[in-house]
Amino acid sequence: MTADGSIGVVAAEDVTGAELLSVSQPLAFLEGTMGSPPAVEDLHVAMLEADLGPAVAKVLSYLPRKPSPAAAKADVAGSSQPQQQQQQQAEPNSQELPPSMTHLQPAFWGQVQQGAGGLVARKVSSKQLMRLLQASCWGEEFQDPAAAQVRHERPQGFIGVWPELALLRHSCAPNSSVVVVGKHALLHATADLDAGSEITFNKLGSVIAAPLAARQAAHAELFGRPCRCSRCTLEATLPQETAQQLQALHDRAEGEWPQRLQAALEGAEGSDPEETAELLADLQAEVAADIEDLDAALAQQLPQRDDQLAVLCGAYAGYDLAWQMEEVLAEEPDLDKLANCVALLRIFARGSEGHLYTALILHQGSTARAEALVGRAQGMARKTQARQRRLAAEMQRLAASGEAASYAYAEAISCRYGMLPQEGLIPQLEQGLAMFYAGLSALSAAQGQGLDEVPEVTRNLTIDGIPVTVVDTVEGSAFVQPGEEGSQEVQQRKGGKQQQQQEQQQQQQQQRGLRVEWLEADVSVADDDSSAAEQEPQQLSARS
7 MTADGSIGVV AAEDVTGAEL LSVSQPLAFL EGTMGSPPAV EDLHVAMLEA
57 DLGPAVAKVL SYLPRKPSPA AAKADVAGSS QPQQQQQQQA EPNSQELPPS
107 MTHLQPAFWG QVQQGAGGLV ARKVSSKQLM RLLQASCWGE EFQDPAAAQV
157 RHERPQGFIG VWPELALLRH SCAPNSSVVV VGKHALLHAT ADLDAGSEIT
207 FNKLGSVIAA PLAARQAAHA ELFGRPCRCS RCTLEATLPQ ETAQQLQALH
257 DRAEGEWPQR LQAALEGAEG SDPEETAELL ADLQAEVAAD IEDLDAALAQ
307 QLPQRDDQLA VLCGAYAGYD LAWQMEEVLA EEPDLDKLAN CVALLRIFAR
357 GSEGHLYTAL ILHQGSTARA EALVGRAQGM ARKTQARQRR LAAEMQRLAA
407 SGEAASYAYA EAISCRYGML PQEGLIPQLE QGLAMFYAGL SALSAAQGQG
457 LDEVPEVTRN LTIDGIPVTV VDTVEGSAFV QPGEEGSQEV QQRKGGKQQQ
507 QQEQQQQQQQ QRGLRVEWLE ADVSVADDDS SAAEQEPQQL SARS
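Spelled out as structure tokens, the structure:
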């Protein structure tokens, strides 16, 4: 057992960025409505009502859980014991190390239960289950919106427990992404990984875009220990003055600045247009000045630009607001501000839906600018040498920025969905994502106007050479209650021995060379060269 006794997942072999690492079925799953996932308490009640069997209880014993109050007190008291030993003493049924990824499937334990000797029943109390769900469940406001559009489904909010995801440790600069399609969670690598490198994942949600203090507090609350990823370690070295500057920018970008922007826009109709324009210009200049000051301070303290960007992730809200204001105020928005957002997202949210959509908008904007410039050049009746030089310089600049934008978009889509054929799914996913955000905008506008009618969004497609117009209505659907047809609890209990064997074989084929280990407290991320634990780990490759 190592320093903090935590368990993590490492690559059993070399991995290339965008490779599919695993396809996981949920142990439990609940759907909500669009934008409204069920709460942890809902999942907790559903699992208790489902009367967890021995196989599910055995899988739960392998998953991390929020420390019990007794373990938390022991940690605060400064005990010299590793956190895992403290938790085992305070809570006898603490997390165990699974011998292999196969042991995370109820179907495997279902076979054991049917075999000689059976499976010893484990009692999971309500409090134990709640602490487990708080540290091991995962949910989002929407299932993957692009894939949902392609599948002609609504991207409902959801929450669930995927054992393979639960075992991944958190990093504030993760090297994997997860997309949920249907009920399956697809895990992709977002960077090249050497064999033995730990696979990490964002387990803090939106807090990952906050400065160090908020991330550490959230991590300690969930896992009973601080986060020691490379981003946190780097940010902890900042001088106090710079750390306070970063925190102040984040706080203003989350509170004061959006409020001032909204007030100015809402009061625009009843006030002097020049006065409103002046208020907005002053706010835009203030946001830009604070960002420039922080960037300049970091440039003096951190020589590597990658390190500067890692720290600036804690000020992402400011960069996002700067782009929003650019869209509102500028006739031709400065795409460099959007490129700044993409550069930060690829550090703390690479392969996320937000990263993909932002990179798509940047790619489309750069392409449109280049096409417009070519059109202007072709439409010029007379080109002087000066004009030709200006056009050549502008085309060269747009070509460079367009190439960078195209690469950023290709990286984002491959990190989310893996390597897809350009002539196949990518155009459909692009249209689906655009359709989704157009629907959200239409819904927001309708709600702002107090309209009761559900807005419609149309898109024109060509299928087998036939033009087709698709009309979508933006609305939610019914909550999938546990025990209903289609819920995971029912599905897991329908199959007999043959189905369990098929599911086990399928899971073995779907795991892409992963293994489970005791790991050191420090987490290696995409650009780290650090290896996994030095001791010989308990491991078994899950690859068939």
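Position one of the sequence shown corresponds to residue 7 (the numbering used here), numbered consecutively onward.
In this text, a Cβ means the ideal position worked out from N, Cα and C, and glycines have one as well.
Item	Value
Enclosing alpha helix (DSSP H) for histidine 225 [first to last residue]	218 to 229
For alanine 302, the nearest candidate out of Glu284, Asp342, Pro161, Thr248 (CA to CA)	Thr248
Candidates Gln140, Ile367, Ile419, Leu366: closest to alanine 224 by CA position	Gln140
Own chain residues within Cβ distance below 7 angstroms of proline 179, not counting five before or after	Checking the displayed sequence, the identity of residue 179 turns out to be alanine instead of proline. Excluding positions up to five away in sequence, the list reads Cys235, Ser236, Arg237, Ala316, Ile353, Phe354, Val531, Ala532.
Through-space distance from threonine 39 to glycine 145, alpha-carbon basis	12 angstroms
Opening and closing residue of the beta strand (DSSP E) in which glutamate 146 lies	144 to 146
Reference serine 412; option with closest CA among Leu103, Leu351, His369, Ala328	His369
Coil, strand or helix - arginine 128 by DSSP	coil
Nearest candidate by alpha-carbon position, reference lysine 209, set His194, Val186, Leu171	Leu171
Reference histidine 176; option with closest CA among Pro161, Arg157, Ala254, Ser142	Ser142
Backbone secondary structure at isoleucine 165 - three-state DSSP	strand
Short Cβ contact (8 angstroms threshold) for leucine 285 with alanine 270	yes
Residues that DSSP places opposite alanine 195 in a beta bridge	Ser182
Buried or exposed (CB count within 10 angstroms, at least 16 for buried), serine 447	exposed
Valine 15: first and last residue of the uninterrupted beta strand (DSSP E) it sits in	12 to 17
Contact check, leucine 439 vs leucine 362, beta carbons under 8 angstroms	yes
Enclosing beta strand (DSSP E) for valine 29 [first to last residue]	26 to 30
Three-pair Cβ contact test at 8 angstroms for the region 101 to 115 versus the region 55 to 64	yes
Backbone CA spacing between proline 151 and leucine 36 [nearest angstrom]	17 angstroms
Segments of 4+ residues assigned as alpha helix (DSSP H) that fall wholly inside the region 356 to 387	359 to 385
CA nearest to the CA of glutamate 409, picked from Glu436, Gln434, Ala374, Arg396	Ala374
Straight-line gap, glutamine 487 to glutamate 55 (C-alpha atoms, nearest Å)	Low confidence applies to glutamine 487: its pLDDT is 34, below 50, so where it sits in the model is not reliable, and the reading given next is rough at best. Roughly 11 angstroms separates the two Cα atoms.
Cα-Cα separation between glutamate 338 and threonine 206, rounded to whole angstroms	39 angstroms
Backbone secondary structure at arginine 190 - three-state DSSP	Going by the sequence as given, residue 190 is histidine instead of arginine. In this structure, histidine 190 counts as strand in the three-state DSSP scheme.
Spatial distance of tyrosine 325 from valine 334 (CA atoms)	15 angstroms
Assumed close pair tyrosine 322, leucine 289 - CB separation to whole angstroms, cut-off 8 angstroms	Not a contact, Cβ separation roughly 18 angstroms.
Among Pro169, Ala219, Val46, the one whose alpha carbon lies nearest that of glutamine 66	According to the sequence displayed, residue 66 carries leucine and not glutamine. Taking only the C-alpha atoms, the option nearest leucine 66 is Pro169.
Beta carbon of valine 156 nearer than 8 angstroms to that of glutamine 434	yes
4 or more residues per run - each alpha helix (DSSP H) lying fully within the region 299 to 348	311 to 318, 322 to 335
Of the residues His190, Ser277, Leu379, the one placed nearest leucine 33, counting alpha carbons only	His190
Candidates Glu204, Asp257, Val51, of which the one nearest alanine 220 by Cα	Asp257
Whole-Å CB distance - arginine 422 paired with valine 185, under 8 angstroms assumed	6 angstroms
For threonine 22: DSSP bridge partner residues	DSSP lists no partner for threonine 22.
Exposed unless 16 or more other CB atoms sit within 10 angstroms - verdict on valine 16	buried
DSSP-derived helix/strand/coil call for alanine 45	coil
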